[in-house]
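>
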Amino acid sequence: MDLSTAVDDQPESASSERSARVSATATPPSATWIRLRALTTRRWFWPVALLVGYVGQTLFRLSLSINNYYPSVHADEDSYLVIARVLAGRPTTEMPVGVVIPGGYPLLLSPALRIADNPATAYHLIMGINAVLNALVFPLVFVAARRLGLARPHAYLTATAAALAPPVVFYSQFVMSDTVLPVLLLAWLITMHGWLSPGSLRRRSLYAVGMGVAAGYTMATHDRGGVVVALTGLVLVVVLAFGWAPRLASLAGIGGLGVTYLGAKLLAGFIENQFKDVPPSTVGNKVFENLGDSKYIGTIIARTFGQLWYFMTSTYGFGAVAFVLCVVVVFRRAFTVADRVVAFCMAAMLFGVALAAAAGLADTNRTDNWVYARYCAVLVPLFLVVGLVALFRAGVGQLLKLALAGALVIGVIQLSVGAYAGSELRQWVLPWTVPDAQFLASTWDGVHMSRTTAGALAVLGACLLLRAAGGRRVVAAVVGCLTVFTAYATVVITDNVAEPHTKTRKYEAVGLAKEAGLTKGDNLIMDWDLDWGTRMALSFEVYWGRVWTNNVKGGNAPQEQANTVLLTLPKDASPESSWPKPPAGWHVAKYSKDRGWVLWRKG
């Protein structure tokens with residue numbers, strides 16, 4: 004995507020250019036600088052630099068998650084782990100989330116569960132897989148920045164900054180599909196741009212196939228992928244109708260999308276067949292039902308704006324700049340077809356995901372549903388790269404116009420959400436759901452929209468101020484400082500959100516299983532009245548056997564394969580009273596009055 008057509012201003016100052024020339028004449032490059040420039044022209048230099056950068060990104064992620072060895076985000080992690088377990092060839096068990104969710108991400112994790120002989124080792128291996136997958140954002144952003152016209156050193160800096168941003172790294176510290184979705188979306192848009200750009204038929208056909216495969220696998224990974232597939236189908240139809248790409252290349256894209264879509268359906272069918280008593284996910288149906296219900300429209304619009312507000316502030320305002328720029332590109336004929344189509348897909352994807360998330364959550368009033376972080380976070384690297392490229396390539400006047408328009412968008416949507424949600428935004432909120440907002444507001448005790456907005460715009464304003472004062476010569480240094488800031492923000496959020504969140508859920512995941520003496524070969528029935536987090540975590544922690552949720556104390560017969568039952572224990576009750584009429588052969592094995600549980604064993 005070449006931004007120079009519409010965003011490059013006239014030279015910022017003729018006198019500054021003359022001064023630069025005089026300075027260059029007066030101070031010839033040093034021998035060290037000349038050698039460094041010569042080094043970067045070697046054919047091996049940039050591939051090696053990218054490999055080193057990728058390894059560094061992977062190690063950075065591992066350093067943040069190396070101590071994690073159990074699930075803590077319920078029921079998402081538990082459900083992905085259970086599906087990965089089945090795909091690894093291990094026995095089925097209860098589906099924690101209650102519906103069958105897409106298996107594209109668990110498929111990537113299944114080798115860890117095939118290798119590991121215990122849940123802690125499996126989780127450690129998955130953290131390694133997550134780091135390797137999520138760090139792919141770095142080379143892909145580099146490729147995207149090059150397509151946007153940046154020189155290799157500037158593209159490298161941009162990729163480093165974008166790949167270290169908290170919304171990109173945060174979710175890779177947990178077993179969540181958001182680990183790999185940014186990678187798939189970057190691949191989707193890069194290959195779409197390659198398909199629509201000039202080149203040989205073979206090259207454009209390969210890009211088209213890549214676009215279709217990336218779109219289809221995104222759908223196999225998460226329900227948000229449905230938006231990607233819909234946009235890809237729309238683009239393919241329009242391009243075929245207007246002849247914007249060779250017909251054979253477009254047909255290759257349809258073939259790639261069709262094959263991957265079929266593969267996603269076959270994978271979903273296989274997983275559903277392993278959980279015959281569990282219905283498939285109906286999130287998509289719920290979205291359309293709520294969109295068609297007039298009583299939800301106001302709430303859906305406000306929550307859509309809340310998703311957009313969070314996204315734009317979590318990108319330090321650069322997401323807002325990029326969004327405005329994408330809208331400009333769509334309606335400017337000066338841009339190429341590839342530029343305009345990709346810009347349209349970026350804007351439509353952002354709005355579509357925000358709208359779908361808002362509609363899917365329309366029946367609850369939790370604070371984080373108004374300004375939730377997760378759903379649009381996968382788009383952060385896409386918009387960050389566009390915003391940072393504008394910082395490199397646009398003139399000061401154009402940048403200020405884009406930033407002013409972006410700040411106006413942030414302000415309008417913030418006021419809209421605040422006016423509609425009112426006091427609900429001042430309720431306590433789980434820090435895990437709004438980490439970036441709390442970091443920018445310099446507080447960990449709730450959502451403070453005005454302070455968060457001020458923090459984001461302060462970062463953007465500082466970058467623009469330095470850009471205006473120093474011209475294009477200082478942009479590399481500015482992006483370098485932003486890189487340090489994003490890494491710092493990621494570490495701070497890990498220390499204040501990710502690690503405390505994980506630690507508070509340690510007992511329900513591993514402490515109880517150890518204290519109760521659950522071992523290899525145990526098949527466990529769990530009481531409906533047990534702590535919800537405990538029931539979610541044990542579906543994975545009972546690694547060698549399986550679990551069920553069953554009201555045995557209410558008279559239901561225990562499953563035949565079960566040999567342990569975990570029930571709640573009121574503080575003043577005896578352990579034996581927890582199961583009034585146990586079948587013959589069952590006895591109390593262990594209990595904890597402080598924690599409120601009792602374990603029965605058969606035999």
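Just so you know, the sequence shown maps onto residues 4 to 606 in our numbering.
Backbone N, C-alpha and C fix where the C-beta goes; we use that ideal spot for every residue, glycine too.
Remember, predicted model here, so these are calculated numbers, not experimental data.
#1: Can you give the Cα-Cα distance for Gly276 and Ser113, rounded to whole angstroms?
#2: For Ile104, name the three-state secondary structure that DSSP assigns.
#3: At which residue ranges does the stretch 377-440 contain complete beta strand (DSSP E) runs of 3 or more residues, listed in the order of the chain?
#4: Go through its chain and collect everything with a Cβ distance to His451's Cβ below 7 Å, but skip five positions before and after it.
#5: Return the CA-CA distance between Gly548 and Asn526, expressed in angstroms with no decimal places.
#6: Figure out for me which residue from Val100, Lys556 and Pro94 has the closest Cα to the Cα of Ala2.
#7: Taking the DSSP output, what are the residues bridged to Ser595?
#8: Can you say whether Asn121 is buried or exposed, counting buried as having 16 or more other CB atoms within 10 angstroms of its CB?
#9: First and last residue of the alpha helix (DSSP H) that includes Trp49?
#10: Using three-state DSSP, classify Met195 as helix, strand or coil.
#11: Cα-Cα, which of Ile274, Phe308, Val381 and Phe63 is closest to Val135?
#12: Tell me, to the nearest whole angstrom, how far the beta carbon of Thr124 is from that of Val144; I am working on the premise that it is less than 8 Å.
#13: Could you tell me which whole alpha helix (DSSP H) segments of length 4 or greater appear in the stretch 463-551?
#14: Between which two residues does the alpha helix (DSSP H) containing Val286 stretch?
#15: Just to confirm my understanding: we take Ala362, look at its own chain, exclude 5 residues before and 5 after, and list those with CB closer than 6 Å. What are they?
#16: Could you give the C-beta distance for Trp603 and Pro585, rounded to a whole number, given that I count them as a contact under 8 Å?
#17: Per DSSP, which residues does Val568 bridge with? Please list them.
#18: To which residues of the same chain is Val487 closer than 7 Å at the C-beta, ignoring the five residues directly before and after it?
#19: Let me check one thing: in DSSP terms, what residues is Trp589 bridge-paired to?
#20: Who are the near neighbours of Ala592 in its chain, counting only those whose CB is closer than 6 Å to its CB and skipping five residues on each side?
#21: Excluding five sequence neighbours on each side, which residues of the same chain lie with their C-beta closer than 6 Å to the C-beta of Leu209?
#22: Specify, as a first and last residue, the run of the alpha helix (DSSP H) that His157 falls within.
#23: Quick one: Cα of Arg429 to Cα of Thr370, how far?
#24: Closer than 7 Å by C-beta to Val437: which residues in its own chain qualify, once you throw out the five before and the five after it? Chain order, please.
#25: Between Ser82 and the rest of its own chain, which residues show a CB-CB distance below 7 Å, the 5 nearest in sequence each way excluded?
#26: Considering Cα atoms alone, identify which of Val500, Ser595, Leu192 and Leu199 is closest to Val432.
#27: Should Ser426 go down as buried or exposed, given a rule of 16 or more other Cβ atoms within 10 Å for buried?
#28: Which ranges would you report for the beta strand (DSSP E) in the stretch 192-264 if only whole runs of at least 3 residues count?
#29: Can you have a look at Glu511 and say buried or exposed, based on whether 16 or more other CB atoms are within 10 angstroms of its CB?
#30: Under 7 Å, do His225 and Ala341 count as touching if we go by C-beta distance?
#31: Less than 7 Å between the beta carbons of Lys574 and Lys596, yes or no?
#32: Closer than 6 Å to a non-hydrogen atom of the ligand MG - does that hold for the CB of Phe308?
#33: Between the C-alpha atoms of Thr339 and Val231, what's the straight-line distance to the nearest angstrom?
#34: Pairing CB atoms from the stretch 182-192 with CB atoms from the stretch 381-389, are three or more of them under 8 Å?
#35: Compute the Euclidean distance between the alpha carbons of Pro282 and Leu269, then round it to the nearest angstrom.
#36: Starting from the Cα of Val324, find the closest Cα among Gly301, Phe278, Ala393 and Thr307 and give me that residue.
So, from the listed chains and residues:
#1: One-based indexing of the sequence shown puts residue 276 at position 273. One-based indexing of the sequence shown puts residue 113 at position 110. Just to set this straight, residue 276 is Asn in the shown sequence, not Gly. Distance between the alpha carbons of Asn276 and Ser113 is about 17 Å.
#2: As a first step, residue 104 is located in the sequence shown; it is residue number 101 there, counting from the start. The answer is coil: DSSP assigns Ile104 none of H, G, I, E or B.
#3: Runs found: none.
#4: Numbered from its first residue, the sequence shown carries residue 451 at position 448. For His451, where only same-chain residues beyond five positions count, the Cβ hits under 7 Å are Ala444.
#5: Along the sequence shown, one-based indexing puts residue 548 at 545. Along the sequence shown, one-based indexing puts residue 526 at 523. Going from the Cα of Gly548 to the Cα of Asn526 covers about 5 Å.
#6: Here the chain comprises residues numbered 4 to 606, so residue 2 is not present and cannot be evaluated.
#7: Along the sequence shown, one-based indexing puts residue 595 at 592. According to DSSP, which records beta bridges pairwise, Ser595 is partnered with Trp600.
#8: Against the sequence shown, residue 121 aligns to sequence position 118. With fewer than 16 other beta carbons inside 10 angstroms of its own, Asn121 counts as exposed.
#9: Position 46 of the sequence shown, counted from the start, is the residue given in the question as residue 49. Counted as a single uninterrupted DSSP element, the alpha helix (DSSP H) harbouring Trp49 occupies residues Phe48 to Ser68.
#10: Counting from 1 along the sequence shown, the entry for residue 195 is found at position 192. In this structure, Met195 counts as helix in the three-state DSSP scheme.
#11: Mapped onto the sequence shown, residue 135 falls at position 132. Comparing Cα positions, the closest option is Phe63.
#12: What you label residue 124 is simply residue 121 of the sequence shown in a count that begins at 1. What you label residue 144 is simply residue 141 of the sequence shown in a count that begins at 1. Not a contact, Cβ separation roughly 32 Å.
#13: Entirely contained in the stretch 463-551, the alpha helix (DSSP H) runs reaching 4 residues are, in chain order, 478-496, 502-507, 515-519 and 535-544.
#14: Locating residue 286 in the sequence shown gives position 283, where the first residue counts as 1. That run of the alpha helix (DSSP H) goes Val286 to Leu294.
#15: Here the question's residue 362 lines up with position 359 in the sequence shown. Closer than 6 Å at the Cβ level, and outside the excluded window around Ala362, lie Val290, Asn293, Leu294 and Ile303.
#16: Mapped onto the sequence shown, residue 603 falls at position 600. Mapped onto the sequence shown, residue 585 falls at position 582. Between Pro585 and Trp603 the Cβ distance is about 6 Å, and since that is below 8 Å, they are a contact.
#17: In the sequence shown, residue 568 corresponds to position 565, counting from 1. Val568 is bridged by DSSP to Ile528 and Trp603.
#18: The residue labelled residue 487 in the question sits at position 484 within the sequence shown. No residues qualify anywhere along the chain.
#19: Taking the sequence shown and counting its residues from 1, one reaches residue 589 at position 586. For Trp589, which the question treats as bridged, DSSP gives the partners Lys605.
#20: The residue given as residue 592 occupies position 589 in the sequence shown. Counting only Cβ-Cβ distances below 6 Å, and skipping sequence neighbours, we find Leu602 and Arg604.
#21: Numbered from 1 along the sequence shown, position 206 holds the residue referred to as residue 209. The same chain holds no residue with a CB closer than 6 Å to that of Leu209 once the five nearest residues on each side in sequence are set aside.
#22: In the sequence shown, residue 157 corresponds to position 154, counting from 1. Going by DSSP, His157 is part of the alpha helix (DSSP H) stretching over Arg155 to Ala166.
#23: Stepping through the sequence shown from its first residue, residue 429 is reached at position 426. Stepping through the sequence shown from its first residue, residue 370 is reached at position 367. Their backbone Cα atoms lie some 8 Å apart in a straight line.
#24: Stepping through the sequence shown from its first residue, residue 437 is reached at position 434. Setting aside the 5 residues that flank it on each side, Val437 is surrounded in the same chain by Asp371, Val374, Ala376 and Val450, each with a C-beta closer than 7 Å to its C-beta; the list follows chain order.
#25: Reading the sequence shown from its first residue, position 79 is the one you call residue 82. The residues are Met98, Pro99, Val100 and Ile104.
#26: Here the question's residue 432 lines up with position 429 in the sequence shown. Considering only alpha carbons, the answer is Val500.
#27: To locate residue 426, count along the sequence shown from 1; it is residue 423. The residue is exposed, with fewer than 16 neighbouring Cβ atoms inside 10 Å.
#28: None, since the stretch 192-264 contains no complete beta strand (DSSP E) of that length.
#29: Locating residue 511 in the sequence shown gives position 508, where the first residue counts as 1. Flag for Glu511 reads buried.
#30: The residue given as residue 225 occupies position 222 in the sequence shown. The residue given as residue 341 occupies position 338 in the sequence shown. Against a cut-off of 7 Å, the Cβ pair of Ala341 and His225 comes out as no contact.
#31: Start at 1 with the first residue of the sequence shown, and residue 574 comes out as number 571. Start at 1 with the first residue of the sequence shown, and residue 596 comes out as number 593. A contact, by the Cβ cut-off of 7 Å.
#32: The ligand MG is not among the ligands present in this structure, which contains no ligands whatsoever.
#33: In the sequence shown, the residue the question calls residue 339 occupies position 336. In the sequence shown, the residue the question calls residue 231 occupies position 228. About 22 Å.
#34: Output reads yes: the stretch 381-389 touches the stretch 182-192.
#35: Translated into the one-based positions of the sequence shown, residue 282 becomes position 279. Translated into the one-based positions of the sequence shown, residue 269 becomes position 266. Straight across, the Cα-Cα distance linking Pro282 with Leu269 is about 16 Å.
#36: In the sequence shown, the residue the question calls residue 324 occupies position 321. Here the closest residue by C-alpha is Ala393.
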